[in-house]
Each structure stands twice: as C-alpha cells, then as structure tokens.
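Going by the working numbering, the first residue of the sequence shown is number 1, and it counts up by one from there.
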Amino acid sequence: MDKEIINVDERVNICYQIYIDGFLKLFPEPGDATHTWYSPADELKGMKSEDSTYIRNVFNTYFSEYRKSIESGNFAMPTQLLESIRNYQELHSAAILPSATKQKIEIAYNNAMIFERIAPYYGLIGFIMLVLLFTQIVNKKLSFPRVLTFFKILIFIGFAFHTLGLGLRWYIAGHAPWSNGYESMIYVAWATILAGFFFIKKSPFVQAATGVLAALTLMVAHLSWMNPEITTLVPVLKSYWL
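1. Less than 9 angstroms between the beta carbons of P145 and Q89, yes or no?
2. Return the chain-ordered ranges of every alpha helix (DSSP H) run that is complete within the stretch 44-131 and spans a minimum of 4 residues.
3. Considering just the uninterrupted stretch of the alpha helix (DSSP H) at M219, what are its terminal residues?
4. Can you look up P28 in the DSSP assignment and give me helix, strand or coil?
5. On the criterion of 16 or more Cβ atoms from any shown chain inside 10 Å, does T217 qualify as buried, or is it exposed?
6. Could you give the C-beta distance for Y122 and A215, rounded to a whole number, given that I count them as a contact under 8 angstroms?
7. Is W190 helix, strand or coil when you go by DSSP?
8. Just to confirm the assignment, what range does the alpha helix (DSSP H) spanning A173 have?
9. May I ask you to list the residues that DSSP assigns as paired with Y38?
10. What is the DSSP secondary structure of I230, counted as helix, strand or coil?
11. Less than 8 angstroms between the CB atoms is what I'm expecting for I172 and I105, so what's the real figure, rounded?
12. Since E116 contacts H35 with CB under 8 angstroms, what's their CB separation in whole angstroms?
13. How is G181 classed by DSSP in three states: helix, strand or coil?
14. Please return the same chain residues whose Cβ sits closer than 6 angstroms to the Cβ of G211, not counting the five positions on each side in sequence.
15. Count the C-beta pairs between the stretch 160-169 and the stretch 177-192 that are closer than 8 angstroms, then say yes if the count reaches three, no if not.
16. Since L133 and P204 are thought to touch, with beta carbons under 8 angstroms apart, how far apart are those beta carbons, to the nearest angstrom?
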C-alpha cells in the first residue's frame with residue numbers, strides 16, 4: 001500500500017513538473033564549468049538578462065506559433081524556434097552535447113526496441129526446443145536433429161542482436177551497460193545465453209532452457225519498476241571495481 005501511495009505521489013509530481021515545464025532542462029548556463037542546465041521554471045539568477053528572457057519566453061512563443069501553424073499549415077516559425085534552441089545549446093555547452101552520429105544511433109536504438117523484441121523470440125524458440133526434446137525422450141523413434149540445429153542457429157541470431165543492443169547502450173552511455181537494475185537484468189540474460197553455448201555439449205536441453213530463462217529475465221527487466229533510461233554515471237561510480 002505504501003509503495004502504491006509513493007508511486008501515485010511520484011506520478012502527480014511528474015505531471016506537475018511537466019505542466020510547469022520543470023523537466024524541460026534544455027538550456028545550459030553560459031560559461032558554467034559544471035555545465036548546469038535549466039528549464040523555464042527554474043530560477044535564473046546570475047544569467048544575463050537577454051539569456052534569462054530568452055529561456056523564459058521561448059517555449060510560450062513556440063507553442064503560440066505552433067497553434068497558428070496548425071491552422072495555416074506553415075510550420076516555418078516553430079521550426080525556426082527549435083533551431084534557435086539547438087543553436088543556444090551548441091553555443092554554450094557544445095563540449096558535452098552528443099555528436100550527430102551518436103544522436104542518430106540513440107534514436108535508432110530506441111526505435112528498434114531490441115530487448116523487448118528478443119524476449120518473446122528467445123521464449124518461443126526455447127519452448128519449441130523443449131517440446132521437441134521431450135518428444136524425442138517419450139518416443140524413441142522420433143528424432144529432430146536438423147530442426148533442433150535450425151533453432152540453435154535462431155538462438156545464435158537472437159544472441160547476436162542481444163550483443164548488438166548491449167554494445168549500442170555502451171556506446172551511447174559511454175560506460176559498460178551494467179550500472180542499474182535494468183542493465184543488470186539484460187546483461188544476465190545475455191550471459192545466460194552465452195553459458196548455453198558453452199555447455200551445449202553437456203546436454204541438448206541446455207540451449208532450450210537458457211532460451212526460456214533469458215526470455216523470463218528480459219520480461220522481468222521490462223516490468224514497470226525497471227527504468228530502461230540511458231544515463232551518465234556520477235564520477236564516484238565510474239570505477240569498474242564498484
């Protein structure tokens with residue numbers, strides 16, 4: 001009950017922050033060595049008047065122009081305002097902005113939803129393999145070596161995409177993808193499939209079982225309390241010994 005109340009309170013606060021533009025920290029402070037970013041709802045003390053005025057007004061101007069553009073069909077002005085925000089970011093905090101290549105890769109990664117898609121993929125293949133293997137045990141006359149080999153190849157293809165997803169997260173975040181609960185779960189699923197390849201000669205059931213187990217692990221990773229957001233590490237956590 002307490003957790004549910006906390007979750008509701010958190011959602012209300014998120015809605016409120018969105019309503020007042022509190023989450024839109026899109027504006028770096030000019031000349032700040034720590035690269036502090038602000039939203040229109042923040043106190044902008046110490047900034048030049050032209051910078052603070054721009055930050056306060058740009059979103060109201062944008063939404064006003066966007067409503068006009070919906071009626072007219074001409075979106076030149078809203079696009080121009082978005083470009084001005086990008087130019088402001090590049091002018092005052094270019095050192096920490098991701099490159100255009102990294103931005104494209106992150107967008108492609110988010111759209112691909114690799115881990116969400118390979119979870120049922122692993123599970124279905126692993127389940128079918130288990131059914132076939134148990135069928136062989138029950139009926140000695142039946143054998144499916146080629147079919148099982150085909151499914152093993154499919155597991156390997158899924159593992160290749162799984163590895164690609166981890167590599168993309170590593171590249172985008174700039175650190176190894178095992179820094180939070182979500183990343184730990186997708187890494188455990190990856191290690192589970194890898195272990196299946198190492199021990200496949202011990203028993204034909206290994207590959208099937210690891211497929212099902214990896215699917216369950218990935219499904220747990222995508223439950224509501226797991227946060228898949230890619231974030232940077234605070235300096236104290238950048239050591240691989242932690």
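Positions of the beta carbon are idealized from the N, C-alpha and C atoms, including for glycine.
Quick answer:
1. Contact flag unset, no.
2. Within the stretch 44-131, the runs of alpha helix (DSSP H) at least 4 residues long that lie entirely inside it are, in chain order, 49-72, 76-93 and 100-112.
3. F205 to A221 is the extent of the alpha helix (DSSP H) around M219.
4. The three-state reading of DSSP puts P28 in strand, counting E and B together.
5. When all chains shown are included, T217 counts as buried.
6. Rounded, the Cβ-Cβ distance is 4 angstroms, consistent with contact.
7. Residue state, collapsed to three classes: helix.
8. Element bounds for A173: P145 to A173.
9. F27.
10. In this structure, I230 counts as coil in the three-state DSSP scheme.
11. Going by Cβ atoms, the distance from I172 to I105 rounds to 6 angstroms, so yes, they are a contact pair.
12. About 32 angstroms; that fails the 8 angstroms criterion.
13. Shown here, G181 sits in a helix according to DSSP, grouped into three states.
14. Within the same chain, G211 has close Cβ partners Y122, I125, G126 and I155.
15. Yes, the stretch 160-169 touches the stretch 177-192.
16. Contact between L133 and P204 holds, since their C-beta atoms are separated by about 6 angstroms, short of 8 angstroms.
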